[in-house]
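Written below as structure tokens is the structure these notes are about.
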Amino acid sequence: MSEFDSISDSVIKRSIGVESAPITYVVGTSDIIDFTDAVGDFNEIYRERNLAKRRGLNNIVAPPTFLRTLKGSRSENNPEHLGAHLLDGGSEWNYFEPILAGDNITVVDKLLDVLEKTGKLGKMLIWTREFKYTNQHSKVVAIHKWTRITY
Numbered sequence: 147m148s149e150f151d152s153i154s155d156s157v158i159k160r161s162i163g164v165e166s167a168p169i170t171y172v173v174g175t176s177d178i179i180d181f182t183d184a185v186g187d188f189n190e191i192y193r194e195r196n197l198a199k200r201r202g203l204n205n206i207v208a209p210p211t212f213l214r215t216l217k218g219s220r221s222e223n224n225p226e227h228l229g230a231h232l233l234d235g236g237s238e239w240n241y242f243e244p245i246l247a248g249d250n251i252t253v254v255d256k257l258l259d260v261l262e263k264t265g266k267l268g269k270m271l272i273w274t275r276e277f278k279y280t281n282q283h284s285k286v287v288a289i290h291k292w293t294r295i296t297y
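Going by this note's numbering, the first residue of the sequence shown is number 147, and it counts up by one from there.
Next comes the structure, spelled out in structure tokens:
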């Protein structure tokens with residue numbers, strides 16, 4: 147019996163809709179530049195403050211994929227870690243505001259849904275989780291829905 151075969155429906159149901167504790171990150175200029183160096187994106191808007199200002203921004207902007215570096219909390223009420231194998235089932239991103247160097251971004255995540263399916267390898271659980279990113283002005287800058295599959 148695998149670890150997640152013992153999970154009860156009540157544990158999963160209690161986890162759905164529960165928000166994590168918020169975690170706040172300060173977005174630093176060097177964090178943005180290091181990230182763009184690592185991914186090979188040398189767009190000047192991510193590096194040059196004067197260019198960003200000419201485009202109406204107060205500071206350099208982080209590329210949308212930068213938000214992947216800001217992790218949500220892992221609560222004790224999160225059974226997602228169960229199962230021997232993990233697959234990324236895809237992501238959906240919605241962006242609303244630019245992320246600038248100097249912003250304080252708060253991440254809150256919650257489990258939206260869990261579906262049980264049976265495949266060639268047996269029982270699978272398909273987890274859909276939402277991450278909400280909010281800046282210091284209480285504006286939601288992005289929402290990320292992420293699907294994970296455990297089996």
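Glycine included, every Cβ here is placed at the ideal spot set by N, Cα and C.
What you are looking at is a predicted structure, and each value in this text was computed from that prediction instead of being measured.
{"Query": "Please state the DSSP three-state secondary structure of E190.", "Result": "helix"}
{"Query": "With H, G and I counted as helix, E and B as strand and the rest as coil, what does DSSP make of I179?", "Result": "helix"}
{"Query": "With A112 as the anchor, note down where its alpha helix (DSSP H) starts and where it stops.", "Result": "For residue 112 there is no data in the structure shown, the boundaries of the chain being 147 and 297."}
{"Query": "Three-state secondary structure (DSSP) at E222?", "Result": "Interpretation of E222 is limited by its pLDDT of 48, a score under 50 that renders its predicted location unreliable; the figure taken from the coordinates is listed afterwards. Note: E222 maps to coil in three-state DSSP."}
{"Query": "Can you check the region 253-289 for any alpha helix (DSSP H) of at least 4 residues that lies completely inside it and give the ranges in chain order?", "Result": "none"}
{"Query": "Suppose you measure from the CA of I272 to the CA of G163; what does that come to, to the nearest Å?", "Result": "15 angstroms"}
{"Query": "DSSP state of V185, grouped into three classes?", "Result": "helix"}
{"Query": "Rank I295, L267, I251 by C-alpha distance to the C-alpha of N281 and give the top, closest one.", "Result": "I251"}
{"Query": "Is the region 282-294 touching the region 229-243 in the sense that three or more CB pairs, one from each, lie closer than 8 angstroms?", "Result": "yes"}
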